[in-house]
Amino acid sequence: MILLPLWFYRRFVVPRILMALGILAGTFLMTSMGDYRQITRAASGFVLDDIMQINYSDNFSETLARGGLEMRNAVLRIDEIDQRLEFDYGKFHWNRVIFTFVPAQLVGSKLKESLQFDTPKPSRNYNPLTGTTETGLVDAFASFWYFGALKFLLLAWIMRRIWETAMAGEMLGQLVYMLSIVPAMHAISHQTDWVIPVWIHMAIFLIPVLWFCRIRNKSVGLPTALQRGSTVPQYM
0 MILLPLWFYR RFVVPRILMA LGILAGTFLM TSMGDYRQIT RAASGFVLDD IMQINYSDNF
60 SETLARGGLE MRNAVLRIDE IDQRLEFDYG KFHWNRVIFT FVPAQLVGSK LKESLQFDTP
120 KPSRNYNPLT GTTETGLVDA FASFWYFGAL KFLLLAWIMR RIWETAMAGE MLGQLVYMLS
180 IVPAMHAISH QTDWVIPVWI HMAIFLIPVL WFCRIRNKSV GLPTALQRGS TVPQYM
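Heads up: the sequence shown begins at 0 in numbering that gives the first Met the number 0, then just goes up one per residue.
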């Protein structure tokens with residue numbers, strides 16, 4: 000996201016060797032994200048000594064051999080949903096918006112809960128490890144069964160349209176794309192709703208700022224059109 004302005008305005012591209020090294024380093028560290036989150040939650044903060052004791056190499060080797068815990072969570076939840084055939088039909092997204100933007104401290108927890116829909120809950124024997132996710136595959140499947148893949152199709156289409164607008168040189172398209180691309184990619188690794196609160200934040204805070212920027216400075220005179228019959232001076 001930080002380097003996207005350089006691409007839009009300077010067409011600067013990160014060298015492939017640096018990109019490859021970054022992907023490898025990120026993959027290596029991400030396999031220990033569960034241990035990292037457990038430490039920060041238990042200590043309510045960043046504890047460098049405990050973080051340095053994480054066995055990153057063993058976690059990486061175990062992930063390669065047995066797969067990640069996130070995919071295990073996804074398989075268990077999707078299998079359970081497929082057996083029960085109880086779906087939320089998109090209510091999940093409305094509940095997430097209410098959870099994010101309605102403060103229980105101001106309106107009360109009862110009112111906040113009354114604004115949310117009842118959705119199927121996971122079974123009691125489902126106990127994911129702290130720090131792991133279910134991936135966006137689960138909430139897509141929980142909404143519309145196999146047709147939940149349309150969530151990813153719709154998100155991809157929207158991001159494609161924003162990308163085309165950004166590449167056409169539109170500043171608004173570039174700004175929206177830079178703020179949307181990271182949460183949009185979280186639709187695969189976390190949940191498909193991550194980008195929706197970002198767009199709502201843009202509508203609340205960004206649109207007024209952009210509207211203010213449209214106010215013209217009336218002290219600057221605009222060029223007037225040529226009158227009929229007036230001659231244009233010729234220069235040698």
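Just so you know, even glycine gets a beta-carbon here, dropped at the ideal spot from N, CA and C.
Close Cβ partners of residue i (< 6 angstroms) along its chain, the five nearest in sequence each way excluded
i      : result
Pro119 : Glu85
Ala19  : none
Thr30  : Asn58, Phe59 and Thr62
Exposure of residue i, with buried meaning 16 or more beta-carbon neighbours within 10 Å
i      : result
Ile80  : buried
Leu154 : buried
Gly147 : buried
Thr99  : exposed
Asn54  : exposed
Thr26  : exposed
Lys150 : buried
Tyr234 : Because the pLDDT of Tyr234 is 44, which lies under 50, any placement of that residue in the model is unreliable, and the question is left without a value.
Phe211 : exposed
Contacting residues, own chain, Cβ-Cβ under 8 angstroms from residue i (five flanking each side not counted)
i      : result
Met70  : Thr134
Ser188 : Glu69, Thr132, Thr134 and Gly135
Arg9   : none
Terminal residues of the alpha helix (DSSP H) in which residue i lies
i      : result
Phe151 : Ala148 to Met166
Thr26  : Arg15 to Met29
Phe204 : From DSSP, Phe204 is part of no alpha helix (DSSP H); its letter is neither H nor E.
Trp6   : Leu3 to Arg9
Thr99  : Lys90 to Phe100
Glu169 : Looking at the DSSP string, Glu169 is not in any alpha helix (DSSP H), and its letter there is neither H nor E.
Phe59  : Tyr55 to Arg65
Lys111 : Ser108 to Ser113
Asp48  : Leu47 to Met51
Phe140 : Gly135 to Phe143
Close beta carbons around residue i, own chain, < 7 angstroms, minus the five adjacent residues each side
i      : result
Trp193 : Pro182, His185 and Ala186
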